[in-house]
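Order-wise, the sequence lines are chains H and Y. So the first sequence is numbered by this note's numbering: it starts at 428 and just counts up by one. So the second sequence is numbered by this note's numbering: it starts at 208 and just counts up by one. Glycine is no exception: its CB is placed at the ideal position from the N, C-alpha and C atoms.
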Amino acid sequence: MGELASYQLSDFILFSQSAYFRLFELYNQAIWPLHVVAIFLAIFILYALWKKAVWSGQLIAVILVISWLWVAVAFLYQRFYQIHIIANWYAYGFIIQAGLIAWFGVIKNRFNSRVESQQRVKVGLALLLFVLIAYPFIAFISGRKWIQFEMFALTPDPTALATIAIFLLFKTPKYCYLIPAGWVLISMVTLLVM
Amino acid sequence: MKDKIRQSRRRFLKFVSLNISLGAGGFFVSRFVNASTSPIITATIPSTNEKIPVIGLGSSRTFNVGNDPQALDNVAEVMRHFFSAGGALIDSSPMYGSSQPAIGYGLNKLDKKSDIFSADKVWSWNAGLGPEQMEKSRKYWGVDAFDLMQVHNLVEWEEHMKTLQQMKRQGKIRYIGITTSHGRQHDELEEVMRTQPLDFVQFSYNILDRDVEQNLLPLARKRGIATIINRPFQRGDLIGELEDKPLPGWASKINCENWPQFLLKFIVSNPDVTCAIPATSQVVHVKENMAACYGALPDQAMRKRMIDYVENII
Numbered sequence: 428m429g430e431l432a433s434y435q436l437s438d439f440i441l442f443s444q445s446a447y448f449r450l451f452e453l454y455n456q457a458i459w460p461l462h463v464v465a466i467f468l469a470i471f472i473l474y475a476l477w478k479k480a481v482w483s484g485q486l487i488a489v490i491l492v493i494s495w496l497w498v499a500v501a502f503l504y505q506r507f508y509q510i511h512i513i514a515n516w517y518a519y520g521f522i523i524q525a526g527l528i529a530w531f532g533v534i535k536n537r538f539n540s541r542v543e544s545q546q547r548v549k550v551g552l553a554l555l556l557f558v559l560i561a562y563p564f565i566a567f568i569s570g571r572k573w574i575q576f577e578m579f580a581l582t583p584d585p586t587a588l589a590t591i592a593i594f595l596l597f598k599t600p601k602y603c604y605l606i607p608a609g610w611v612l613i614s615m616v617t618l619l620v621m
Numbered sequence: 208m209k210d211k212i213r214q215s216r217r218r219f220l221k222f223v224s225l226n227i228s229l230g231a232g233g234f235f236v237s238r239f240v241n242a243s244t245s246p247i248i249t250a251t252i253p254s255t256n257e258k259i260p261v262i263g264l265g266s267s268r269t270f271n272v273g274n275d276p277q278a279l280d281n282v283a284e285v286m287r288h289f290f291s292a293g294g295a296l297i298d299s300s301p302m303y304g305s306s307q308p309a310i311g312y313g314l315n316k317l318d319k320k321s322d323i324f325s326a327d328k329v330w331s332w333n334a335g336l337g338p339e340q341m342e343k344s345r346k347y348w349g350v351d352a353f354d355l356m357q358v359h360n361l362v363e364w365e366e367h368m369k370t371l372q373q374m375k376r377q378g379k380i381r382y383i384g385i386t387t388s389h390g391r392q393h394d395e396l397e398e399v400m401r402t403q404p405l406d407f408v409q410f411s412y413n414i415l416d417r418d419v420e421q422n423l424l425p426l427a428r429k430r431g432i433a434t435i436i437n438r439p440f441q442r443g444d445l446i447g448e449l450e451d452k453p454l455p456g457w458a459s460k461i462n463c464e465n466w467p468q469f470l471l472k473f474i475v476s477n478p479d480v481t482c483a484i485p486a487t488s489q490v491v492h493v494k495e496n497m498a499a500c501y502g503a504l505p506d507q508a509m510r511k512r513m514i515d516y517v518e519n520i521i
């Protein structure tokens with residue numbers, strides 16, 4: 428295993444930028460009209476946060492679990508793994524995160540304990556609105572084809588960011604941040620190294 | 208493979224005039240030779256004296272396109288131009304994602320399985336999985352057998368080498384080799400080259416990274432090992448740095464019209480180099496690269512001039 432230490436991160440990013448972004452294009456074409464479902468999931472989350480009902484926390488958690496599982500299987504394992512030799516490990520990480528959210532948010536119903544810090548709430552809500560509303564337009568704004576857009580519940584980056592945003596609104600244990608934050612870091616590095 | 212070279216020559220000779228000198232394209236021909244009237248430049252594999260064109264085709268990154276039908280057709284188109292220009296050696300690895308199936312798609316579409324010099328790698332920290340991995344790779348390519356199988360990045364090379372030697376004895380592969388890149392693990396590679404019966408060795412070499420001229424290339428010559436050069440453009444960085452800089456006027460003396468040809472001719476004019484394997488996903492680039500397989504090559508004085516020029520403008 429000594430040889431493994433001689434590898435650099437770029438050695439594992441063996442796909443081009445065009446192949447990576449084209450993946451989103453083909454994925455979006457293949458899963459249409461699931462984007463409508465994703466929009467409804469986003470609306471349900473915002474409604475549940477606003478309603479503050481007894482079922483709100485669990486509904487949000489269920490939506491997050493579905494999102495993380497979908498992204499793990501449909502995007503990371505079935506698509507990204509074709510061009511990225513370690514994307515299967517990413518998929519396993521997303522499945523573990525789905526399990527954590529299921530345990531914490533659905534079974535333990537801990538998404539009913541909101542944080543008191545208004546600053547944290549503002550940051551969380553701002554990030555959540557940005558991800559749910561603005562994020563799909565980033566591809567177009569950055570000069571890529573509009574159809575290469577990324578949406579919450581369908582692709583990893585907005586799903587991880589929205590999850591972090593929601594965690595900020597509740598008294599979420601720190602370990603729950605590990606995988607979404609780790610993914611954001613991995614994604615950033617991937618985009619830089621590509 | 209000799210037949211393949213002959214076929215390439217026949218294709219080429221259709222376009223040349225009757226009064227050309229077939230000896231004009233050899234190594235270290237410093238006088239001006241019109242690239243369009245010279246034969247393809249080949250190098251000899253020391254262990255068999257088989258000749259292969261000095262420019263091959265890498266597939267890292269560029270052919271890793273998943274099952275994107277548009278991109279797969281583009282890969283096939285790049286391969287079509289590679290073969291049309293007389294190319295033969297294509298190199299891949301299980302590490303390169305979907306590059307192997309993409310090559311298989313291209314070979315099948317172009318019906319070129321008999322024209323290729325297929326070079327792949329075994330890359331597993333569990334040597335017991337090596338045969339299974341190589342068989343999977345062979346099926347991806349759709350070839351009957353690989354010409355060359357290499358141990359990728361020296362991973363578990365002791366065990367993989369035993370497997371490869373056995374496969375060679377059984378006629379399942381024709382040549383065995385070992386690879387590294389980025390200038391890593393050269394001490395260990397030297398040790399392998401000194402002690403193992405290798406046909407090929409692969410490492411990085413380019414006009415700026417020339418350490419291998421001191422050790423690996425002379426050792427390969429001494430041991431009769433063919434050399435494959437990866438990352439001839441520093442993964443594109445070198446082209447990126449040079450593309451806005453002027454190509455020297457004297458580059459025309461060695462039939463270079465652009466930087467990729469300049470950089471490739473520098474590499475393949477080293478007498479200890481057998482083949483350079485630039486990777487590309489663009490037809491225009493594979494045409495440029497393959498043009499380095501024709502015309503004059505620089506002699507030692509010209510090579511020194513090339514180094515000085517590049518080092519001065521970067």
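Quick one, are the C-beta atoms of ILE414 of chain Y and LEU471 of chain Y less than 7 Å apart?
-> Taking the second sequence and counting its residues from 1, one reaches residue 414 of chain Y at position 207. Taking the second sequence and counting its residues from 1, one reaches residue 471 of chain Y at position 264. No; because the gap between Cβ atoms is not below 7 Å, this pair is not in contact.
Note the first and the last residue of the continuous beta strand (DSSP E) segment covering LEU355 of chain Y.
-> As a working mapping, residue 355 of chain Y is identified with position 148 in the second sequence. Run containing LEU355 of chain Y: 353 to 358, per the beta strand (DSSP E) assignment.
Chain H beta carbons: is any one of them nearer than 7 Å to that of GLY337 of chain Y?
-> Counting from 1 along the second sequence, the entry for residue 337 of chain Y is found at position 130. No - not a single Cβ of chain H is within 7 Å of the one on GLY337 of chain Y.
Own chain, CB closer than 6 Å to PRO563 of chain H, minus 5 neighbours either side, in chain order = Looking up residue 563 of chain H in the first sequence gives position 136. Correct list, in chain order: PHE576, MET578.
Residues of chain H with CB under 8 Å from ARG438 of chain Y, in chain order?
-> Along the second sequence, one-based indexing puts residue 438 of chain Y at 231. Correct list: empty, because the minimum Cβ distance to chain H is about 11 Å.
What runs of the alpha helix (DSSP H), each 4 residues or longer, lie entirely inside the stretch 283 to 323 of chain Y?
-> 306 to 317
Span of the alpha helix (DSSP H), counted from its first residue to its last, around ALA498 of chain Y | For the purposes of this step, residue 498 of chain Y is identified with residue 291 of the second sequence, where counting begins at 1. Run containing ALA498 of chain Y: 490 to 498, per the alpha helix (DSSP H) assignment.
Is ILE520 of chain Y closer than 7 Å to LYS460 of chain Y when the C-beta atoms are compared?
-> Position 253 of the second sequence, counted from the first residue, corresponds to residue 460 of chain Y. Position 313 of the second sequence, counted from the first residue, corresponds to residue 520 of chain Y. Going by beta carbons, LYS460 of chain Y and ILE520 of chain Y fall outside the 7 Å limit.
When you compare each of H:LEU552, H:ILE613, H:ILE591 to LEU476 of chain H by their alpha carbons, which one comes out closest?
-> As a position in the first sequence, residue 476 of chain H is number 49, starting the count at 1. Comparing Cα positions, the closest option is H:LEU552.
Members of the stretch 495 to 523 of chain H that neighbour chain Y once the beta carbon cut-off is set at 8 Å | ARG506, GLN509, ILE510, HIS511, ILE512
Give me the Cα-Cα distance between ILE593 of chain H and LEU555 of chain H, rounded to the nearest whole angstrom.
-> Against the first sequence, residue 593 of chain H aligns to sequence position 166. Against the first sequence, residue 555 of chain H aligns to sequence position 128. Cα to Cα, ILE593 of chain H sits roughly 7 Å from LEU555 of chain H.
Does DSSP put GLY431 of chain Y in a helix, a strand or coil?
-> Within the second sequence, numbered from 1, the residue matching residue 431 of chain Y stands at position 224. GLY431 of chain Y: coil per DSSP, three-state reduction.
Please report the residue range of the alpha helix (DSSP H) in which GLY484 of chain H lies.
-> Sequence index remark: in the first sequence, residue 484 of chain H carries index 57 (1-based). That run of the alpha helix (DSSP H) goes 483 to 497.
Just to confirm, are ILE472 of chain H and ILE490 of chain H a CB contact at a threshold of 7 Å?
-> Taking the first residue of the first sequence as 1, we reach residue 472 of chain H at position 45. Taking the first residue of the first sequence as 1, we reach residue 490 of chain H at position 63. Yes, the pair counts as a contact, with Cβ atoms nearer than the cut-off.
Just mark TYR602 of chain H as buried or exposed, buried being the case when its beta carbon has 16 or more other beta carbons within 10 Å.
-> Here residue 602 of chain H corresponds to residue number 175 of the first sequence, with the count starting at 1. By the neighbour-count criterion, in which 16 or more other beta carbons inside 10 Å mark a residue as buried, TYR602 of chain H falls on the exposed side.
Taking ASP394 of chain Y and THR434 of chain Y to be in contact with their CB atoms under 8 Å, please state how far apart those CB atoms are, rounded to whole angstroms.
-> To locate residue 394 of chain Y, count along the second sequence from 1; it is residue 187. To locate residue 434 of chain Y, count along the second sequence from 1; it is residue 227. That belief does not hold up - the Cβ atoms of ASP394 of chain Y and THR434 of chain Y are roughly 17 Å apart, past 8 Å.
For the stretch 542 to 568 of chain H, which residues have a beta carbon sitting closer than 9 Å to at least one beta carbon of chain Y?
-> none
Apart from the five residues just before and just after LEU424 of chain Y, which ones in its own chain have a Cβ nearer than 8 Å to its Cβ?
-> Residue numbering aside, residue 424 of chain Y sits at position 217 when the second sequence is read from its first letter. Within the same chain, LEU424 of chain Y has close Cβ partners TYR412, THR434, ASN477, ASP479, VAL480.
Contacts around ARG541 of chain H, its chain only, beta-carbon distance under 7 Å, and the 5 residues preceding and following it disregarded | Counted from its first residue, the first sequence places residue 541 of chain H at position 114. The answer, listed in chain order, is LEU596, PHE597.
CB contact below 7 Å: PHE442 of chain H versus chain Y | Residue 442 of chain H sits at position 15 when you count from the first residue of the first sequence. Interface residue, yes.
Short-range partners of chain H found in the stretch 412 to 445 of chain Y, where Cβ spacing is below 7 Å | Answer in chain order: no residues at all.
Measure the beta-carbon distance from VAL558 of chain H to PRO600 of chain H and round it to whole angstroms, keeping in mind my assumption that it falls under 8 Å.
-> For this step, residue 558 of chain H is matched to residue 131 along the first sequence. For this step, residue 600 of chain H is matched to residue 173 along the first sequence. With 8 Å as the limit, VAL558 of chain H and PRO600 of chain H do not qualify as a contact, their Cβ atoms being about 22 Å apart.
Which chain H residues are close to ASN274 of chain Y, counting only those with a beta carbon under 8 Å from its beta carbon?
-> Stepping through the second sequence from its first residue, residue 274 of chain Y is reached at position 67. In chain order: GLN509.
Cβ of ALA480 of chain H less than 7 Å from any chain Y Cβ?
-> For the purposes of this step, residue 480 of chain H is taken as the residue at position 53 of the first sequence. For ALA480 of chain H, the answer is no, since every Cβ of chain Y falls outside 7 Å of its Cβ.
Since ASP298 of chain Y and GLY263 of chain Y are thought to touch, with beta carbons under 8 Å apart, how far apart are those beta carbons, to the nearest angstrom?
-> Position 91 of the second sequence, counted from the first residue, corresponds to residue 298 of chain Y. Position 56 of the second sequence, counted from the first residue, corresponds to residue 263 of chain Y. Indeed they touch by this definition, with Cβ atoms about 6 Å apart.
On a CA-only basis, which of H:ILE591, H:ILE613, H:ASN539 is nearest ARG547 of chain H? Give me that one, please.
-> Indexing the first sequence from 1 puts residue 547 of chain H at position 120. Comparing Cα positions, the closest option is H:ILE591.
When you compare each of Y:MET497, Y:MET509, Y:ASN422 to VAL456 of chain Y by their alpha carbons, which one comes out closest?
-> By one-based count along the second sequence, residue 456 of chain Y stands at place 249. Here the sequence assigns Gly to residue 456 of chain Y, which means Val is not the residue at that position. Nearest option by C-alpha distance: Y:MET509.
When we look at the beta-carbon of GLY520 of chain H and count the other beta-carbons within 10 Å, is it buried (16 or more) or exposed?
-> Here the question's residue 520 of chain H lines up with position 93 in the first sequence. Looking at its Cβ environment, which holds 16 or more other Cβ atoms inside 10 Å, GLY520 of chain H is buried.
Taking all protein chains shown into account, do 16 or more other C-beta atoms lie within 10 angstroms of the C-beta of ASP406 of chain Y, making it buried, or fewer, making it exposed?
-> As a working mapping, residue 406 of chain Y is identified with position 199 in the second sequence. ASP406 of chain Y is buried by the Cβ-count criterion.
Under 9 Å Cβ-Cβ, which residues of chain Y neighbour LEU450 of chain H?
-> Position 23 of the first sequence holds residue 450 of chain H. Those are GLY273, ASP275, listed as they occur along chain Y.
Checking contacts by CB at 7 Å: is GLY390 of chain Y closer than that to chain H?
-> In the second sequence, residue 390 of chain Y corresponds to position 183, counting from 1. Residue-level contact check: GLY390 of chain Y does not touch chain H, since none of the beta carbons of chain H fall below 7 Å from its beta carbon.
Extent of the continuous alpha helix (DSSP H) to which PRO585 of chain H belongs = The residue labelled residue 585 of chain H in the question sits at position 158 within the first sequence. Per DSSP, the unbroken alpha helix (DSSP H) holding PRO585 of chain H starts and ends at 583 to 596.
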